[in-house]
Amino acid sequence: AGAFESTGWNRRQVEEVLEAAMSEGQISQRERASGQTSLLELMAAENEAPLNRQKPELEEWHENQLLAFEKEMLGLYVSSHPLAKHAALLQRYSSASIAELSTLPEGQVVCIGGLVSNTKVHVTQRGRKMAFVTLETLESPCEVVVFSELFESKAELLVPDMIVMLQAKVSYRNGEPSLLAEDIVPIDETEKRFTQSVHIRLRTVGLDHALVTRIAEVLDAQPGHCDVYLHCITPNHDEITVHATSSCMVAPTERLQRDIEDILGEGCLWFAGANGHPRHDS
397 AGAFESTGWN RRQVEEVLEA AMSEGQISQR ERASGQTSLL ELMAAENEAP
447 LNRQKPELEE WHENQLLAFE KEMLGLYVSS HPLAKHAALL QRYSSASIAE
497 LSTLPEGQVV CIGGLVSNTK VHVTQRGRKM AFVTLETLES PCEVVVFSEL
547 FESKAELLVP DMIVMLQAKV SYRNGEPSLL AEDIVPIDET EKRFTQSVHI
597 RLRTVGLDHA LVTRIAEVLD AQPGHCDVYL HCITPNHDEI TVHATSSCMV
647 APTERLQRDI EDILGEGCLW FAGANGHPRH DS
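Rendered as structure tokens:
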């Protein structure tokens, strides 16, 4: 769990020699208890320097492995959270927070992303499998019910530590909200499956008819199902969001992003879900 990082050894190095070091320590304790002293201990005492096992040349584990060990040993993540590196994507595609679920009507469709922490498989009266999944989000856990048809096609995603994005309906049981899953995808497929809007940030300073025309031509060349929102930054650093006309609905392609960024600069365009914005009927 990282308790020995102050020694200068990484966790993988510690784990590599741990069993042998513990065995040597137990032998040393037994010898001291019986009044024996080894030659090496006498040498260490004379030099006033402890004897250390040679540090193996090993790279640290991947962050996911480190976090999994922290959770296994301590019951919680300490140094980071597996969802931290996906925080921006989760924000763009999650259409409701866990705290908001209780305020939503029965049947409301939402997108929620998180880490599968527990899956309880249940066999129905018809002999088919379904599951009750605990999804850990950056806010708090929530319960997701996955019925048989979806479970049978997505079971490989419903394993501990898998990070997913799901579309689900809000359902109430005993007055408490839960989610009935309609679709589940790996986090890396979120943009491909759930993108419904394209956002473009531009500054009003220097914005003229010719520049707007160039942007419009790029949008016109990539027709699709996604609404376009222009986030206009004023000289006072205020942001005014303009919902582009329905004739500007586009496809969320790499070419679109590249062409817009060629005009307005890197990072000016991002894809997102609906996220409560008004939408045209595609």
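Quick note, in this note's numbering, the sequence shown goes up one by one and the last residue is 678.
Yeah, the Cβ is synthetic: ideal placement off N, Cα and C, and Gly gets one too.
Query: Touching by the beta-carbon criterion (3+ pairs, under 8 Å), the segment 596-608 and the segment 546-560; Result: no
Query: 6 Å CB neighbourhood of Arg488 in its chain, flanking five on each side removed; Result: Ala668
Query: Gln618 - DSSP class collapsed to helix/strand/coil; Result: coil
Query: Given Ser642 as reference, the closest of Phe528, Val614, Thr515 and Arg675 once Cα atoms are compared; Result: Arg675
Query: Own chain, CB closer than 6 Å to Glu587, minus 5 neighbours either side, in chain order; Result: Phe667
Query: Nearest residue (CA-CA) to Glu585, options Ile559, His673 and Leu615; Result: Ile559
Query: DSSP bridge partner residues for Trp405 (one or two, in chain order); Result: Paired residue(s): none; Trp405 is not in a bridge.
Query: Nonlocal neighbours in the same chain, by C-beta distance under 6 Å from Leu553, ignoring five residues either side; Result: Val560 and Ile580
Query: Helix, strand or coil at His418 [DSSP, three-state]; Result: Note that residue 418 is Met in the sequence shown, not His. Helix, per DSSP.
Query: Alpha-carbon to alpha-carbon, His595 and Arg654; Result: 14 Å
Query: Exposure of Glu444, with buried meaning 16 or more beta-carbon neighbours within 10 Å; Result: Note on Glu444: pLDDT 49, under 50, position unreliable in the model; the coordinate value appears next. Label assigned to Glu444: exposed.
Query: Collapsed DSSP secondary structure at Cys644 in the structure displayed; Result: helix
Query: Of the residues Val413, Glu466 and Thr649, the one placed nearest Ala397, counting alpha carbons only; Result: Glu466
Query: Separation of Val413 from Pro582, as counted between CA atoms; Result: 36 Å
Query: Bridge partners - Lys516, DSSP secondary structure assignment; Result: Phe528
Query: Proximity of Leu576 and Val540 at Cβ, strictly below 9 Å; Result: yes
Query: Collapsed DSSP secondary structure at Leu472 in the structure displayed; Result: coil
Query: Helix, strand or coil at Ala445 according to DSSP, with G and I counted as helix; Result: Residue confidence is low: Ala445 scores 45 on pLDDT, short of 50, so the model does not pin down where it sits. No coordinate-derived value is stated.
Query: Residue-chain proximity (Cys664, chain B), Cβ-Cβ < 9 Å; Result: This model lacks chain B altogether, as it is built from one protein chain only.
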